[in-house]
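Have a look at the structure below before the remarks.
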Amino acid sequence: AHRFDGNTITTKKPQAICEDAIRAELLDSIPSDIAYQLKIKVIEWQVEGDVLQIVAEVNCEKERWAHYILGKDNNKIIKIGKAVNVLMQNLFKQQLFVRILVKANGKIVEKAKLLR
């Protein structure tokens, strides 16, 4: 149960908002022709204590896209994750952690660290 401001109106599910936020950050970080071909899905959404834990997958058709999204030393996916985390915290007014897994052909290419 998320507490929204009384003026907040949306028919979107919170998970869809998170997926859209991830895609928006990807569009800012990688070429749009790649970003639009990625499949983004929230696979975990649970509250532990007072903290909302979110795990999302970004599925790529090609492994080289996955490496491109991760960036050197995971710097690109960490930047994307931090930006999504800030946006989601501001939106939901709740402490949360977003973890983004990047997959190619159904296999995790490299797990990004838990981001604050």
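Numbering (the UniProt record's numbering), first residue to last: 1 to 116. All C-beta atoms, glycine included, are put in the ideal place defined by N, C-alpha and C.
In three-state terms, what does DSSP make of Glu61?
When DSSP states are grouped into helix, strand and coil, Glu61 belongs to the coil group.
Using the three-state DSSP reduction, which class does Leu87 fall into: helix, strand or coil?
Helix at Leu87.
Just the C-alpha distance for Val47 and Glu61, rounded to the nearest angstrom, thanks.
One C-alpha to the other measures close to 31 angstroms.
For Val42, tell me which candidate among Ser29, Asp50, Thr11 and Asn59 has the shortest Cα-Cα distance.
Of the candidates Ser29, Asp50, Thr11 and Asn59, the one whose C-alpha sits nearest the C-alpha of Val42 is Asn59.
Beta-carbon proximity check, Val98 vs Ile54, cutoff 9 angstroms:
In this structure, Val98 lies near Ile54, with their beta-carbon atoms less than 9 angstroms apart.
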